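Engineer: At position 116 of the sequence shown the residue is numbered 247 (my numbering), and the sequence of numbers has no breaks.
Dumping the structure here so I can ask a few things about it.
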Amino acid sequence: MDITIHTSVLPHDDPDAALAFYRDILGFEVRNDVGSGAMRWITVGPAGQPDTSILLAPPAVDPGITDDERRTITEMMAKGTYGWILLATKDLNATFEKVQAADAEVIQEPTEQPYGVRDCAFRDPAGNQIRIQELR
132 MDITIHTSVL PHDDPDAALA FYRDILGFEV RNDVGSGAMR WITVGPAGQP DTSILLAPPA
192 VDPGITDDER RTITEMMAKG TYGWILLATK DLNATFEKVQ AADAEVIQEP TEQPYGVRDC
252 AFRDPAGNQI RIQELR
């Protein structure tokens, strides 16, 4: 089989804040931006990697989701336990400094993990955990 990861989805609760974080802080390209107000679906991705994207989507808009499920999703987003993604960079220190300087919420400074990777972690404006691993 020839399968690749094309798009991963993360929720947003403020499309303008999400766009500013992924475009202006992480440097991702905006590939698509459809909808209006809070009901915007924004596709972003790393420059030079047109086949890999993140879809930033309003949470719990599926008509099949119950009100209780919507409340649970909202609560989990507020706690930062609903969505997360693992990114990678060759220069973790420089990346950490740039994201930290933009006032992103730091969860963990660059750390050598006992399982053999060095990484750091932030929260995006919706509370999603963004872990950034150092490529070696």
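Where is the CB? At the ideal position from N, CA and C, for every residue including glycine.
Note that this is a predicted model, so its numbers are computed, not measured.
Run through the DSSP bridge pairs and tell me what Met-170 is partnered with.
Structural biologist: In DSSP, Met-170 forms a bridge with Ser-167.
Engineer: Using a Cβ-Cβ cutoff of less than 6 Å, which residues in the same chain neighbour Pro-190 once the five nearest sequence positions on both sides are dropped?
Structural biologist: So the list reads Pro-142 and Ile-204, once near-sequence residues are dropped.
Engineer: Could you tell me which of Ala-148, Leu-157 and Asp-145 sits nearest to Thr-226, measuring between CA atoms?
Structural biologist: Of the candidates Ala-148, Leu-157 and Asp-145, the one whose C-alpha sits nearest the C-alpha of Thr-226 is Leu-157.
Engineer: Out of Val-161, Gly-166, Thr-197 and Ile-196, which one is the CA nearest neighbour of Asp-182?
Structural biologist: It is Val-161.
Engineer: Closest to His-137 by C-alpha separation, out of Arg-201, Ile-185 and Ile-196, would be which residue?
Structural biologist: Looking at the Cα atoms, Ile-185 is the closest of the given residues.
Engineer: Should Tyr-213 go down as buried or exposed, given a rule of 16 or more other Cβ atoms within 10 Å for buried?
Structural biologist: Flag for Tyr-213 reads buried.
Engineer: Using C-beta distances below 6 Å, list every residue in its chain close to Arg-154, excluding the 5 sequence neighbours before and after it, in chain order.
Structural biologist: Val-161, listed in sequence order.
Engineer: Return the chain-ordered ranges of every alpha helix (DSSP H) run that is complete within the stretch 195–266 and spans a minimum of 4 residues.
Structural biologist: Those alpha helix (DSSP H) runs which fall completely within the stretch 195–266 and span 4+ residues are 198–210 and 223–232.
Engineer: Taking buried to mean at least 16 other C-beta atoms within 10 Å of its own C-beta, is Asp-193 buried or exposed?
Structural biologist: With fewer than 16 other Cβ atoms within 10 Å, it is exposed.
Engineer: Going by Cα to Cα distance, which pick from Asp-133, Gln-260 and Leu-187 is closest to Gln-239?
Structural biologist: Among Asp-133, Gln-260 and Leu-187, the Cα nearest to that of Gln-239 is on Gln-260.
Engineer: Going by alpha carbons, who is nearest to Thr-174 out of Ser-139, Ser-167, Val-237 and Pro-241?
Structural biologist: Looking at the Cα atoms, Ser-139 is the closest of the given residues.
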